[in-house]
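This report refers to the structure that appears directly beneath it.
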Amino acid sequence: MTNNSYTQVISNEEINKVKLENAKKIILQLQTELTELITNGSGPFLAAVIDENGNIISKTANSVVSEGCSNNHAEMNAIKMAQKNLGTYDLTKFNLSLYVTAEPCMMCIGGIMWSGIKNVYYGVPSKLVEDITGFDEGFKPNWFEEFKNRGITVYGNIEVEAGEKVLHNYVNTGKTVYQPER
Ligand SMILES: [Zn+2]
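In this text, residue positions in the sequence shown follow the working numbering: the first is 12, and each later residue adds one.
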């Protein structure tokens, strides 16, 4: 099922094993929680903003369908909630990490860039999300390099197989894959 190229973790910095092992645990935990959330009507993506000491500042799933808003991707919801909880539009000084079950889409990389988030860790790469679900993830030329230029580290393809299972399950149970009409 999994193409080998997707099981290789990628990063825009030299891979730090401690950070990666920590991220694997968190992403697996998010995938487990996401399975439960999907049965309750959430979209198939979950994101958490976490500080250096492991404190969860926010954690939210995709709520596009349940709340009727196309902006409500998991990452956007998590950033919005983190900024509300911390009382600021700029998270830079808190040195926060965003963990998300799948690669951020075109909108969310913009949202992350303007939020002050310093590190991004994601599970399933966009190409696989599109292959499995049919969602359109947008176009993101050279975003790893662009994030690096802006001081944001990215680690991707973390525990991909666990994430694939969740997405396959979402599609197989007939849940909504929303797209604007074209
Ligand atoms: Zn998104």
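A virtual CB, placed ideally from N, CA and C, is assigned to each residue, including glycine. These figures come from a predicted structure and were not determined experimentally.
Check, Outcome
"Range covered by the beta strand (DSSP E) that runs through Thr50", "No beta strand (DSSP E) contains Thr50, which is instead part of the alpha helix (DSSP H) from Lys28 to Thr50."
"Which residues DSSP lists as bridging Tyr189, in chain order", "DSSP, once it has assigned bridges, lists no residue as partnering Tyr189."
"Own chain partners of Lys159 with C-beta closer than 6 Å, once the 5 adjacent residues on each side are dropped", "Asn23"
"Contact test: Glu78 Cβ vs ligand 1 heavy atom, cutoff 7 Å", "no"
"Beta carbon shell of ligand 1 at less than 6 Å from a heavy atom", "His84, Glu86, Pro115, Cys116, Met118 and Cys119"
"Member of Ile169, Pro191, Tyr100 and Gly185 whose CA lies at the smallest distance from the CA of Lys36", "Ile169"
"Cβ distance (whole Å) where Ile5 is taken to contact Asn33 below 8 Å", "Nothing about residue 5 can be reported from this structure: the residues present for the chain run from 12 to 193 only."
"Contact check, Val131 vs Pro115, beta carbons under 8 Å", "yes"
"Cα-Cα separation between Thr103 and Gly127, rounded to whole angstroms", "4 Å"
"Cross-strand partners of Gly167 (DSSP beta bridge)", "Ile21"
"Min CB distance Lys129 to chain D below 8 Å", "Protein chain content of the structure displayed is limited to a single chain, and chain D is not contained in it."
"Length of the line joining the Cα atoms of Arg193 and Glu148", "15 Å"
"Whole-Å CB distance - Glu175 paired with Ile123, under 8 Å assumed", "With 8 Å as the limit, Glu175 and Ile123 do not qualify as a contact, their Cβ atoms being about 23 Å apart."
"Backbone secondary structure at Ser77 - three-state DSSP", "helix"
"Ile21 to Tyr166 span [Cα, whole Å]", "6 Å"
"Chain-order list of residues whose beta-carbon lies under 7 Å from that of Glu86 (same chain, five-residue window excluded)", "Ala58, Leu109, Val111, Pro115, Cys119, Gly122 and Ile123"
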